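2 protein chains.
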Amino acid sequence: MSAITIYGNRESGNCWKGKWVADLLGVANEWVEIDIFKGESRTPDFLKLNPAGQVPVAVLADGRTLAQSNAIMLHLAEGSRLVPTDSYARAKMYEWLFWEQYNHEPSVAVRRAELKFRGKTEETVNPALKDRGEAALARMELQLKETPYLVGDALSLADVACVAYTRVAHEGGFDLAKFPAVKAWVARVERDLNLASAHEAA
Amino acid sequence: MSAITIYGNRESGNCWKGKWVADLLGVANEWVEIDIFKGESRTPDFLKLNPAGQVPVAVLADGRTLAQSNAIMLHLAEGSRLVPTDSYARAKMYEWLFWEQYNHEPSVAVRRAELKFRGKTEETVNPALKDRGEAALARMELQLKETPYLVGDALSLADVACVAYTRVAHEGGFDLAKFPAVKAWVARVERDLNLASAHEAA
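This is the structure in C-alpha cells:
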C-alpha cells in the first residue's frame with residue numbers, strides 16, 4: 004500500500020483508527036489537522052474531499068479520497084493480519100465494525116464530546132447517553148470475558164475500531180472498573196498498537 | 004453458501020437487506036418474524052442469538068449467528084458480483100455501508116419509525132431529523148447525478164443498504180421529488196432486486 008494523507012482531528016478517536024493501522028502495517032502516512040470546532044470540515048475545499056463534511060478523510064497516493072473511519076481501515080488492512088482469513092471470523096469482525104458505529108460511538112463518544120467539548124455537565128447532558136454507553140460496554144464485556152480480543156485470539160480491526168473511544172471513555176464519565184474484561188483489553192490493545200495509556204495520562 | 008435463517012421484522016428495512024441479497028444470489032433462506040413492538044427482540048432466547056437485542060440476526064447452517072444488517076450482507080455476498088473486485092471501488096462500497104448506518108438510517112429510518120410506529124406527528128417529531136435526512140438524501144443525489152449506482156456502473160451492496168430505507172422515505176415525510184436522481188435510482192435498484200415499487204404501493 005502506498006502512502007496516504009489523513010485529514011483528521013486529534014481529539015477524534017475515529018480519526019486515529021486509520022493512522023494506527025497505517026503505522027502498525029508500515030504504511031507511510033501524513034496527518035493534516037482539521038479544526039472541526041472552527042468549521043474547517045465544512046469549508047468548500049474540505050467538502051470537495053468529503054461531501055458529507057466529516058473527518059477523517061484519507062487521500063490516497065493517486066489523489067482519490069476515502070471517508071468513513073472503518074472503511075479507511077478496511078482499505079489499508081486488506082490482506083493483512085488485522086483481517087481474519089476465516090470467513091465467519093471476518094464476518095464477525097464486520098459485525099463489530101458496524102455495531103461500533105451504530106451503538107458504541109453514538110453513546111460513548113457522543114457523551115465524551117458533550118462533556119469535554121460542548122460545555123455539558125453530568126446534570127445537563129442527555130441522560131439516555133449514559134445507559135446506552137453502559138449497554139455498549141456491557142456488550143463488549145460479555146465477549147471479552149470469553150476471548151482476549153473481540154474476534155477470538157488475535158487483534159483485528161474490530162479491536163482497533165472499538166478501542167478508539169473505549170480508551171477515553173472515562174472522559175465521557177464512564178467507569179471501566181465496572182467492566183474489568185474491557186479494562187484489561189484496553190491495556191492489551193494499547194500495547195499492541197504501541198500507544199501510551201490514555202487512562203493513565205488522564 | 005448454504006442456507007440461512009433470518010430473524011427479522013418485516014417493517015425494518017435493515018432486516019430485508021440480507022433477504023434481498025440471499026434471494027438475488029440464490030441462497031436458500033427462511034424468515035422468522037420477530038415482533039419488536041411486543042419486545043420479542045429482548046427475550047432471553049433472543050438475546051442468546053444477539054446480546055445486543057437487535058434485529059436482524061442471521062443463523063447460519065451450522066447454527067452460528069451473525070448480527071448487523073450490513074455484516075450479514077457482506078458475508079452472504081463475499082466473492083459475488085455485489086462486491087466490486089477493484090480495491091478502491093470496494094473501499095468506496097464500505098464507505099457507503101458505514102455512512103448508511105451512521106448518517107442515513109439514524110435520520111431517514113428513525114423519522115419514519117417515529118411517524119409510522121411511535122405516534123409522533125410532523126409537529127411533535129424531533130425537528131433535527133428532517134434536516135439530517137434531507138442532507139443524507141442530498142449526499143446520495145450528488146453521487147447519483149454522476150453514476151447510475153452509488154459505486155460506479157453496477158449494483159453493489161452499497162445500493163442494497165441505502166435503498167432499504169430510501170424506498171420508504173416518503174413514510175418518514177421525505178419527498179423524493181426533490182432528489183430526482185435518487186428517485187430514478189430507487190426504481191432502478193427495486194427492479195434489479197425484483198421488488199415491487201414501495202412508493203407506488205403506498
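For the protein sequence lines, the chains are A and B, in the order given.
Be aware that the first sequence starts at 4, since it is given in our numbering, and climbs by one per residue.
Be aware that the second sequence starts at 4, since it is given in our numbering, and climbs by one per residue.
We treat Cβ as the ideally placed atom computed from N, Cα and C, and that holds for glycine.
Since we're looking at a predicted model, the values are computed, not measured.
In the DSSP assignment, the alpha helix (DSSP H) including A/Met-73 goes from what residue to what residue? Reading off the sequence, residue 73 of chain A comes out as Asn, not Met. Bounds of the alpha helix (DSSP H) holding A/Asn-73 are 72–80.
Secondary structure, alpha helix (DSSP H): runs of 4+ residues fully inside the region 107–165 of chain B: Restricting attention to alpha helix (DSSP H) runs no shorter than 4 residues, the region 107–165 of chain B encloses them at 113–120, 131–147, ordered along the chain.
7 Å Cβ cutoff met for B/Val-60 and B/Ser-15: One thing to note: B/Val-60 has its Cβ no nearer than 7 Å to the Cβ of B/Ser-15.
Could you give the distance in angstroms between the alpha-carbon of A/Ile-75 and the alpha-carbon of A/Glu-81? Rounded to whole angstroms, the gap between the alpha carbons of A/Ile-75 and A/Glu-81 is 10 Å.
My output table needs one value for B/Lys-20: the three-state DSSP class, helix, strand or coil. Note: B/Lys-20 maps to helix in three-state DSSP.
Proximity test, Cβ basis, 7 Å: B/Glu-98 and chain A: When Cβ-Cβ separations below 7 Å define contact, B/Glu-98 makes contact with chain A.
Taking the alpha helix (DSSP H) that B/Tyr-91 belongs to, which residues open and close that run? That run of the alpha helix (DSSP H) goes 90–102.
Environment of B/Ala-205 [buried if 16+ CB atoms lie within 10 Å]: Bear in mind that the predicted position of B/Ala-205 carries a pLDDT of just 47, short of 50, making it too unreliable to give a figure here.
Which first and last residues belong to the beta strand (DSSP E) in which B/Ala-61 is found? For B/Ala-61, the uninterrupted beta strand (DSSP E) run begins and ends at 60–63, by DSSP.
Answer yes or no: does any C-beta atom of chain B fall closer than 7 Å to that of A/Arg-142? Chain B, which has a Cβ nearer than 7 Å to the Cβ of A/Arg-142, makes this yes.
According to DSSP, what are the bridge partners of A/Asn-32? Per DSSP, A/Ile-7.
Taking its Cβ as the centre, do 16 or more other Cβ atoms sit within 10 Å of B/Lys-186, making it buried, or is it exposed? By the neighbour-count rule (16 or more Cβ atoms within 10 Å), B/Lys-186 is buried.
What are the residues that DSSP puts in a beta bridge with B/Thr-68? BP columns for B/Thr-68 point to B/Val-62.
In angstroms, rounded to a whole number, what distance separates the CA positions of A/Lys-181 and B/Gly-29? Rounded to whole angstroms, the gap between the alpha carbons of A/Lys-181 and B/Gly-29 is 46 Å.
Partner residues on chain B for A/Arg-67, Cβ-Cβ distance less than 8 Å: Under the 8 Å cutoff, chain B gives Tyr-91.
Check whether the Cβ atoms of A/Glu-103 and A/Cys-165 sit closer than 7 Å, and answer yes or no. Their beta carbons are under 7 Å apart, which means A/Glu-103 touches A/Cys-165 by this criterion.
Among A/Arg-115, A/Leu-140, A/Val-189, which has the Cα closest to the Cα of A/Asn-129? For the set A/Arg-115, A/Leu-140, A/Val-189, the Cα lying nearest the Cα of A/Asn-129 is the one of A/Arg-115.
Let me check understanding here. Comparing Cα to Cα, which of B/Asp-65, B/Trp-99, B/Val-62 lies closest to A/Pro-54? Nearest of B/Asp-65, B/Trp-99, B/Val-62 to A/Pro-54, Cα basis: B/Trp-99.
Is the Cβ-Cβ distance between A/Trp-23 and A/Val-192 less than 7 Å? No.
May I have the straight-line CA-CA distance separating B/Gly-155 from B/Ala-92, to the nearest angstrom? Separation of B/Gly-155 and B/Ala-92 (C-alpha to C-alpha, rounded to the nearest whole angstrom) is 8 Å.
Could you tell me how far apart the beta carbons of A/Phe-101 and B/Asn-73 are, in whole angstroms, since I believe they sit closer than 8 Å? The beta-carbon separation of A/Phe-101 and B/Asn-73, rounded to 5 Å, stays under the 8 Å limit for a contact.
Step through the CB atoms of chain A and report whether any lies within less than 7 Å of the CB of B/Leu-207. With chain B covering only 4 through 205, there is no way to say anything about residue 207 of chain B.
Can you pull out the residues from the region 110–122 of chain A whose beta carbon lies closer than 8 Å to at least one beta carbon of chain B? Residues of the region 110–122 of chain A with a Cβ closer than 8 Å to any Cβ of chain B: none.
Contact check, B/Gly-136 vs B/Val-171, beta carbons under 7 Å: Not a contact, by the Cβ cut-off of 7 Å.
CB contact check: A/Tyr-213 to chain B, cutoff 7 Å: Any property of residue 213 of chain A remains undetermined from this structure, which presents chain A solely from 4 to 205.
Is it the case that the Cβ atoms of B/Leu-56 and B/Arg-67 are separated by a distance below 7 Å? The question names Leu, yet the displayed sequence has Gly at residue 56 of chain B. Cβ atoms of B/Gly-56 and B/Arg-67: not closer than 7 Å.
Cβ closer than 8 Å: which chain A residues qualify as neighbours of B/Asn-73? Result: Tyr-97, Phe-101.
Residue range of the alpha helix (DSSP H) that A/Pro-87 falls in? From DSSP, A/Pro-87 is part of no alpha helix (DSSP H); its letter is neither H nor E.
Contact list for B/Glu-81 against chain A, beta-carbon separation under 7 Å: Chain-ordered, the chain A residues with CB closer than 7 Å to the CB of B/Glu-81 read Ser-90.
Check for me: the alpha helix (DSSP H) holding B/Lys-186 runs from which residue to which? 183–195 is the span of the alpha helix (DSSP H), which, as asked, contains B/Lys-186.
Determine, using beta carbons only, whether A/Leu-69 and B/Ala-94 come nearer to each other than 7 Å. Yes.
Hey, would you say A/Trp-34 sits closer than 7 Å to A/Ile-9, going by beta carbons? Cβ atoms of A/Trp-34 and A/Ile-9: closer than 7 Å.
Pick out whichever of B/Glu-117, B/Asp-26, B/Leu-50, B/Tyr-105 has its Cα sitting closest to the Cα of B/Glu-174. Sorting B/Glu-117, B/Asp-26, B/Leu-50, B/Tyr-105 by C-alpha distance to the C-alpha of B/Glu-174 places B/Glu-117 at the top.
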